[in-house]
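Residue numbers (my numbering): 213 to 511. All C-beta atoms, glycine included, are put in the ideal place defined by N, C-alpha and C.
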């Protein structure tokens, strides 16, 4: 096993790990225009991407997430960069790896491909699997330690991504879904339960499972969701990375209301509910991560 992967798993067995926070909203704070592909900055503005990674490392994050959430050929094609998958993902992984050094582990980020699988959409499972594998291979080549498959709503898509990561050589894969409240409990946009989603990715080879994003979920909701995730994780470690509240548009700017102090106050509750990795998603900042780290048990 890769020594960095082995050290990550050993550390996770010893203590909870602190994730980083949002990438996209942080890039927007330093100049990325909304709607523009942040992945393009991996080659055009690498120093700015590394500013975000450096801020999270300085905040105490154990994990740095590559700037590659929209790095599949499908998503990049919408920005005229569909042929640049290898280049942009390789660059994104190298930028994070350079900042992480031996102080943090690098999560190679794979988000949804941006469409729907057949029969609801036009993309075939084979085509999407190829796209995910191409992205995962570039991330691993660039130095990602772990592949993070995140913000999934369709278990079938998540399974393709996990299997693609494994096929590309990933020795550790994290899979997270985004859930919302329904009359029947927490469900994905596709209506899938926590039990069903986790069972699907665990069978596909996910080592760590959990949830991220969830714009309609409060931190209280996320604590309850964490307990449900832990109950259905089949002994796998659980990761939770909530948004900093629901986004609000104010004077042309997107704002998130949940403060660093609120995130910090939730950390002991997340850990008590069964989380082993806690970080942040949209709207969370290095300040959130600093505050959260102060609530982690001492190593």
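Inset, instruction - Determine the closest residue to residue 484 out of 375, 435, 410, 491, with distance taken between C-alpha atoms. - result: In the chain shown, the residue the question calls residue 484 occupies position 272. Per the C-alpha coordinates, the member of 375, 435, 410, 491 positioned closest to residue 484 is 435.
Inset, instruction - Specify whether the stretch 286-302 and the stretch 364-380 touch according to this definition: at least 3 beta carbon pairs, one from each stretch, less than 8 Å apart. - result: no
Legend entry - Where residue 242 falls: helix, strand or coil (DSSP): Reading the chain shown from its first residue, position 30 is the one you call residue 242. Residue 242 sits in coil when the DSSP states are folded into three classes, being neither helix nor strand.
Inset, instruction - Grab the span of the alpha helix (DSSP H) containing residue 497 for me, first residue to last. - result: Reading the chain shown from its first residue, position 285 is the one you call residue 497. Taken as a continuous stretch (DSSP letters only), residue 497 belongs to no alpha helix (DSSP H), as it is neither H nor E.
Inset, instruction - From the DSSP output, read off the bridge partner residues of residue 325. - result: On the chain shown, position 113 is the one that residue 325 refers to. Partner(s): none; residue 325 has no beta bridge.
Inset, instruction - Assign residue 216 to buried or exposed, taking buried as 16 or more other Cβ atoms, counted over all protein chains shown, within 10 Å of its Cβ. - result: Translated into positions along the chain shown, residue 216 becomes position 4. With 16 or more Cβ atoms within 10 Å of its Cβ, residue 216 is classed as buried.
Legend entry - Test item: CB-CB of residue 269 and residue 316 under 7 Å: Position 57 of the chain shown holds residue 269. Position 104 of the chain shown holds residue 316. Taking 7 Å as the cut-off, the beta carbon of residue 269 is found closer than this to the beta carbon of residue 316.
Legend entry - Close beta carbons around residue 439, own chain, < 8 Å, minus the five adjacent residues each side: The sequence position of residue 439 within the chain shown is 227, counting from 1. Correct list, in chain order: 485, 486.
Legend entry - contact_flag[the stretch 388-402, the stretch 227-236] where n(CB pairs < 8 Å) is 3 or more: no
Legend entry - beta strand (DSSP E) runs contained entirely in the stretch 285-326, provided each spans 3 or more residues: 317-322
Legend entry - Among 247, 274, 318, 337, the one whose alpha carbon lies nearest that of residue 383: As a position in the chain shown, residue 383 is number 171, starting the count at 1. Among 247, 274, 318, 337, the Cα nearest to that of residue 383 is on 318.
Legend entry - Where residue 453 sits in the DSSP three-state scheme: Your numbering for residue 453 matches position 241 in the chain shown. Residue 453 falls in the strand class under three-state DSSP.
Legend entry - residue 267 versus residue 492 - alpha carbon distance: To locate residue 267, count along the chain shown from 1; it is residue 55. To locate residue 492, count along the chain shown from 1; it is residue 280. Computed Cα separation, rounded: 14 Å.
Inset, instruction - Classify residue 394 as helix, strand or coil using the three-state DSSP reduction. - result: As a working note, residue 394 is residue 182 in the chain shown. Look at residue 394 here: in three-state DSSP terms it is strand.
Inset, instruction - For residue 480, collect the residues of the same chain with a Cβ closer than 7 Å to its Cβ; drop the 5 residues on either side in sequence, then sort them by chain order. - result: Within the chain shown, numbered from 1, the residue matching residue 480 stands at position 268. Here residue 480 has 507 as same chain residues with Cβ atoms under 7 Å from its own Cβ, once five neighbours each way along the sequence are excluded.
Inset, instruction - Can you give me the Cβ contacts of residue 414 inside the same chain, cut-off strictly under 7 Å, excluding the 5 residues immediately before and after it? - result: By one-based count along the chain shown, residue 414 stands at place 202. Result list for residue 414: 421, 446, 448, in chain order.
Inset, instruction - Have a look at 346, 472, 424, 437 and flag the residue whose alpha-carbon is nearest the alpha-carbon of residue 454. - result: As a position in the chain shown, residue 454 is number 242, starting the count at 1. Considering only alpha carbons, the answer is 424.
Inset, instruction - State the DSSP-derived secondary structure class of residue 389, mapped to helix, strand or coil. - result: Within the chain shown, numbered from 1, the residue matching residue 389 stands at position 177. If DSSP states are grouped into helix, strand and coil, residue 389 belongs with the strands.
Inset, instruction - Can you tell me which of 473, 245, 444, 305 puts its alpha carbon nearest to the alpha carbon of residue 456? - result: Position 244 of the chain shown, counted from the first residue, corresponds to residue 456. If you compare the alpha carbons of 473, 245, 444, 305 with that of residue 456, the shortest gap goes to 473.
Inset, instruction - Measure the C-alpha to C-alpha separation of residue 416 and residue 359 and round it to an integer number of angstroms. - result: In the chain shown, counting from the first residue as 1, residue 416 sits at position 204. In the chain shown, counting from the first residue as 1, residue 359 sits at position 147. Cα to Cα, the separation comes out at about 14 Å.
Inset, instruction - Pull up the distance between the alpha-carbon of residue 221 and that of residue 494, whole angstroms please. - result: Locating residue 221 in the chain shown gives position 9, counting from the first residue. Locating residue 494 in the chain shown gives position 282, counting from the first residue. Using only the alpha carbons, I get a separation of about 26 Å.
Inset, instruction - Measure how close the beta-carbons of residue 261 and residue 329 come, nearest whole angstrom, since I'm counting them as under 8 Å. - result: The residue you call residue 261 lines up with position 49 of the chain shown. The residue you call residue 329 lines up with position 117 of the chain shown. Actually they do not touch by this definition, with Cβ atoms about 31 Å apart.
Inset, instruction - With a 10 Å radius around its C-beta and 16 neighbouring C-beta atoms as the bar for buried, classify residue 451 as buried or exposed. - result: For the purposes of this step, residue 451 is taken as the residue at position 239 of the chain shown. Burial call: buried.
Inset, instruction - Tell me, please, which residues DSSP counts as bridged to residue 422. - result: If you number the chain shown from 1, residue 422 lands on position 210. According to DSSP, which records beta bridges pairwise, residue 422 is partnered with 388, 451.
Inset, instruction - Leaving aside the five residues before and after residue 387 along the sequence, list all residues of the same chain whose C-beta is less than 6 Å from its C-beta, in chain order. - result: Mapped onto the chain shown, residue 387 falls at position 175. Only 361, 370, 374, 413, 418, 421 meet the Cβ criterion.
Inset, instruction - Kindly indicate which residue of 458, 350, 444, 366 has the alpha-carbon position closest to the one of residue 429. - result: Looking up residue 429 in the chain shown gives position 217. Checked all of 458, 350, 444, 366; the closest Cα to residue 429 is 458.
Legend entry - Span separating the alpha-carbon of residue 476 from that of residue 271: In the chain shown, the residue the question calls residue 476 occupies position 264. In the chain shown, the residue the question calls residue 271 occupies position 59. Taking the straight line from one Cα to the other gives about 13 Å.
Inset, instruction - From the DSSP output, read off the bridge partner residues of residue 487. - result: Along the chain shown, one-based indexing puts residue 487 at 275. In DSSP, residue 487 forms a bridge with 450.
Legend entry - Inside the stretch 343-381 only - alpha helix (DSSP H) runs reaching at least 4 residues: 367-379
Legend entry - Residue from 501, 505, 441 whose Cα sits closest to the Cα of residue 234: For the purposes of this step, residue 234 is taken as the residue at position 22 of the chain shown. Of the candidates 501, 505, 441, 501 places its Cα closest to the Cα of residue 234.
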